[in-house]
Each structure stands twice: as C-alpha cells, then as structure tokens.
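Residue numbering for the sequence shown follows my numbering, beginning at 81 and increasing consecutively. Notes follow once the structure below has been shown.
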Amino acid sequence: MALIVQKYGGTSVGNVERLKNVAKKVADQKKSGDQLVVVLSAMSGQTDSLVKLAHEITKEPVEREMDMLLSTGERVTIALLAIALQDMGIKAVSLTGRQAGIVTDSMHTKARIKNIAKENIKKYLDDDYVVVVAGFQGIDEKSNVTTLGRGGSDTTGVALAVALKADMCEIYTDVDGVYTTDPNVESKARRIDRISYEEMLEMASLGAKVLQTRSVEFAAKYRMPVVVKSTFKEGPGTWVVAEEPSMEKVVVSSVPYDKNQAKLTVVGVPDKPGIASAILGEIAKEEINVDMIIQNVGIGGLTDFSLTVPRTESAKAAKILKGSAAKIGAKDVQVDENIGKVSIVGVGMRSHSGVAAKMFQLLADAGINIEMISTSEIRVSCVILKDDVDRAVRILHAGFGLES
Ligand code: ASP
Ligand code: MG
C-alpha cells in the first residue's frame with residue numbers, strides 16, 4: 081500500500097464536470113488500495129477574479145485581507161470534491177490549510193510553510209478517508225490566514241508529501257509534462273521524460289509555469305519524487321528526480337523564458353563602498369525577488385545600477401528604490417517594462433565548455449541585442465527586448481538541438 085499525494089490544478093477542477101472527472105480518478109486510485117491525500121487549487125480564473133474584486137475597491141488592498149479573500153477559492157473546490165467523492169460512496173473529508181495543520185510565517189501573500197502538524201490528516205488516513213486539502217493556504221502563529229504566493233498549491237502538495245513521508249507527489253495539470261520550452265512559442269518543443277531537481281528549480285524560477293519554485297525546493301531538499309501529468313489524458317508525464325549520470329550528456333535540456341519582468345535602473349549613483357548594499361538592502365527587506373543585478377562602469381565618480389524584478393513587483397520596487405536613491409544622492413530611477421528574459425538550462429553545462437559563447441553567437445546572428453547577462457553553474461540567462469523573446473526561444477531551441 082502506497083501513500084500518494086495528488087495535486088490537481090485550477091483547470092482540472094475548473095467546473096463541476098471536471099471536478100467529477102477528478103473525483104472519478106481519485107476513486108479509481110483509492111480502490112486500488114492506496115492511501116490518498118488530494119490537494120486542490122481554486123477553479124481556474126477564480127483567484128484572479130478575487131484579486132480583481134479587491135482592486136475594484138483599492139489599488140493597494142491590505143495583504144492580510146487579500147489572503148483571507150484569496151483563500152476562499154480553494155475552500156470551494158475541496159468541499160465540492162469531497163461531496164462528489166461521498167456521492168460515489170467513497171469516504172472523504174475536506175480540510176482547510178489550518179485544519180490540515182499547515183503553519184506558515186506571517187509574510188502575507190507569499191508566506192512560507194514553517195511546519196505541518198500532521199495528526200489530523202493522519203487520523204483520517206488511518207480511518208480510510210481520502211483527505212482533500214485546500215492548496216495555497218495556511219495560518220501563521222497568530223491564526224491569521226496566509227497564502228503561499230500564486231501557484232502555491234504545488235508547494236502545499238509537495239510539502240504535505242514530505243511531511244507525511246509519502247511515496248511520491250503527483251501533480252496533475254492541463255499539460256502532459258514538462259517541455260523543453262513553451263509549445264505555444266515553439267511547436268517543436270518536446271516533453272522531457274526525466275529532469276533533475278536542479279534543472280527544474282532553474283526552470284521554475286525562470287518562468288516555466290508548470291511548478292511553483294518553492295515546491296521544487298521542497299522536493300529537492302527532501303528528495304521527494306514528483307511526477308507532472310495531465311489530468312485529461314493518460315501518459316508517462318515528466319519525473320522530477322535526483323540527478324542521474326545520463327542527464328550530463330544533454331548539454332542544454334530546456335529553454336525557459338519570462339516576459340513578466342521589469343528592469344529598474346538607478347541612474348547617477350555615487351560610486352563608493354556600500355552603495356549596492358544601500359540599494360538592495362531595502363528591497364530585500366520587502367522580500368522582493370531580485371534576479372539580475374548589474375553595476376555599470378562608473379564615469380566621473382557616478383555609476384548606473386540596474387536590476388530585474390517580477391513585473392508585478394516593479395511598482396513597489398521602484399518606490400523603494402526612489403527612497404534609497406534620495407538617501408544616497410542618486411539622480412533618478414527608471415523603470416523599463418519592455419524587456420524579457422530568455423535562458424538555457426542544463427546540468428550538462430558543468431562538463432561542457434563554450435555553451436554561453438554559443439548562446440551569445442546564436443542571438444547575435446539573429447540580430448538580437450543582449451542587455452544583461454547572468455549565469456549559474458547550469459544556466460545562462462539574457463535580458464533582451466520583449467518583442468525579441470519568442471524568436472530568441474526558437475533560435476536557441478533549434479541551435480541547441482532540442483527539436484523533436
Ligand atoms: N489558486 C492559487 C493561484 O491561482 C493557487 C494555485 O492555484 O496553486 O495562484
Ligand atoms: Mg499552478
């Protein structure tokens with residue numbers, strides 16, 4: 081008997097018909113004798129609609145209340161799935177994040193799970209229930225409702241799998257696995273059979289939307305096998321697992337991209353010690369996710385300092401930077417939302433040389449200008465014009481031999 085955590089995304093539970101389809105899948109699995117914990121997202125579009133409602137009242141709603149609001153979406157789907165399962169004669173119970181014992185820090189709208197008190201879930205599992213848990217939510221130590229950031233149900237799924245020592249975590253979604261790049265941009269993209277945690281982590285943080293980054297961090301840290309599969313059609317999916325020797329042979333395994341970035345430039349910064357820390361310190365305190373950072377060569381004692389952040393945070397980041405700029409005597413803060421980021425990822429880069437150079441050449445040959453570059457051991461990323469992103473993806477996908 082295995083213990084499996086299954087997570088179903090928003091499109092998989094997007095309406096009553098689909099919820100019933102999920103109930104049937106869950107019931108079949110349950111009948112094969114496994115213990116099952118099912119984590120759900122809200123119906124697709126629901127979380128966005130709730131955000132919109134709040135924004136009809138004010139541009140900057142208080143984040144604690146946003147969490148209260150957004151956490152309702154998942155309560156709807158878990159209750160409906162439990163009802164559907166019960167209607168099929170399956171013992172089932174729905175639990176909110178709090179009832180499932182999920183305790184987070186107090187960073188509203190992007191809280192981190194601190195621990196999971198698993199007694200309640202365990203009790204129901206021992207009693208042969210299918211336990212249906214609301215994804216994306218928890219409570220902090222003062223019992224405030226928190227949410228885990230957009231896409232956070234993935235993290236609920238993997239974290240529960242880890243806490244319960246499940247055999248695996250299955251992520252059911254509307255695509256049949258993880259692809260070498262977005263099939264909507266490059267029709268020759270291929271499904272990947274097996275990918276390492278490390279590569280998946282890079283891909284997720286680079287904008288591949290299949291898995292929330294934090295869910296991959298959890299999986300990697302605790303070596304939890306995760307499989308990404310389609311809810312709607314049978315197939316092997318993509319296994320996200322510890323690195324295997326064969327993975328090294330593939331130099332570049334994927335080409336992720338991200339069009340939801342913004343570049344912020346602090347102009348005319350006095351070039352002296354402590355500047356980077358003065359500029360970035362405040363941003364870090366607000367937990368804004370800074371990706372690339374470039375300090376340009378100073379001329380006449382002044383320098384420019386650029387960084388990229390998710391576009392959703394650019395207004396907040398700009399406000400903070402304007403404050404820091406004033407303090408350190410910098411001239412101005414400019415925001416450029418007309419950028420995108422294209423990357424290549426692969427564990428094979430560790431053992432192959434010239435990979436970055438080849439990427440730059442491919443982009444240069446296509447007349448695509450690179451504005452910023454950053455690298456890790458298994459990744460190279462370039463900031464380019466947003467309008468060039470799709471073309472760059474196709475050129476790199478072909479150039480590194482990823483076509484089917
Ligand atoms: N419903 C939440 C969102 O749309 C969480 C999730 O679906 O994972 O971000
Ligand atoms: Mg998702």
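Positions of the beta carbon are idealized from the N, C-alpha and C atoms, including for glycine.
| Query | Result |
| --- | --- |
| Provide the residue(s) that pair with V389 in DSSP beta bridges, ordered along the chain. | A342 |
| When burial is assigned at 16 or more other CB atoms within 10 Å of the CB, is T235 buried or exposed? | buried |
| Quick test of the definition: if touching needs 3 or more C-beta pairs under 8 Å, does the stretch 291-303 touch the stretch 342-362? | no |
| Is it the case that the Cβ atoms of V210 and K171 are separated by a distance below 8 Å? | yes |
| Which partner residues does E250 have in the DSSP bridge list? | Q86, V307 |
| Would DSSP call K421 helix, strand or coil? | strand |
| In the stretch 138-187, which residue ranges form an unbroken alpha helix (DSSP H) of at least 4 residues, counting only runs that do not cross its ends? | 143-150, 152-167 |
| If the criterion is Cβ atoms closer than 8 Å, does the pair E154 and L120 meet it? | yes |
| For G426, tell me which candidate among K396, F480, V156, D468 has the shortest Cα-Cα distance. | F480 |
| If we ignore side chains and look at the alpha-carbon of each, how far apart do V320 and A82 end up? | 19 Å |
| Just verifying my parser: in three-state terms, what is the DSSP assignment at Q126? | helix |
| From E140 to V377, what distance separates their C-alpha atoms? | 37 Å |
| Check whether the Cβ of G231 lies closer than 7 Å to any heavy atom of the ligand MG, and answer yes or no. | yes |
| Using 8 Å as the threshold, is the C-beta distance between I458 and E297 below it? | no |
| Taking I193 and A180 to be in contact with their CB atoms under 8 Å, please state how far apart those CB atoms are, rounded to whole angstroms. | Between A180 and I193 the Cβ distance is about 11 Å, and since that is not below 8 Å, they are no contact. |
| How is the alpha helix (DSSP H) around N369 delimited, first residue to last? | Run containing N369: none; DSSP gives neither H nor E here. |
| When the Cα atoms are used, what is the spatial distance from K104 to V213? | 17 Å |
| Looking at the structure shown, is V118 part of a helix, part of a strand, or coil, going by DSSP? | strand |
| According to DSSP, what are the bridge partners of R471? | Answer is none; R471 lacks a bridge partner. |
| So for S267, helix, strand or coil by DSSP? | coil |
| Quick one: Cα of M327 to Cα of A410, how far? | 47 Å |
| To the nearest whole angstrom, what separates the beta carbons of D254 and S310, a pair I think is in contact under 8 Å? | 7 Å |
| Considering only the beta carbon of each residue, do A198 and A243 sit closer than 8 Å? | In the sequence as displayed, the identity of residue 198 is Lys instead of Ala. Cβ atoms of K198 and A243: closer than 8 Å. |
| Can you list, in chain order, the residues of its chain whose CB lies under 6 Å from that of L175, leaving out five sequence neighbours each side? | V213 |
| Are L99 and T152 touching if we call contact CB-CB under 8 Å? | no |
| Among the residues of its own chain, which have a CB less than 6 Å from the CB of R474, if the five just before and after it don't count? | E266 |
| Which same chain residues, not among the five before or five after A398, have their C-beta less than 7 Å away from its C-beta? | L344, V413, V415 |
| Return yes when at least one heavy atom of the ligand ASP lies under 7 Å from the C-beta of G177, else no. | no |
| Figure out for me which residue from Q166, I359, K222 has the closest Cα to the Cα of D185. | K222 |
| Along the beta strand (DSSP E) that carries Q217, what are the first and last residues, could you check? | 217-219 |
| Considering only their Cβ atoms, is the gap separating I424 from L476 smaller than 8 Å? | yes |
| Can you tell me whether I137 is buried or exposed, with buried defined as 16 or more other CB within 10 angstroms of its CB? | exposed |
| Since G287 contacts P336 with CB under 8 Å, what's their CB separation in whole angstroms? | 6 Å |
| Note down the Cα distance separating T127 from G380, rounded to an integer number of angstroms. | 50 Å |
| At the level of alpha carbons, what is the spacing between I464 and N224? | 41 Å |
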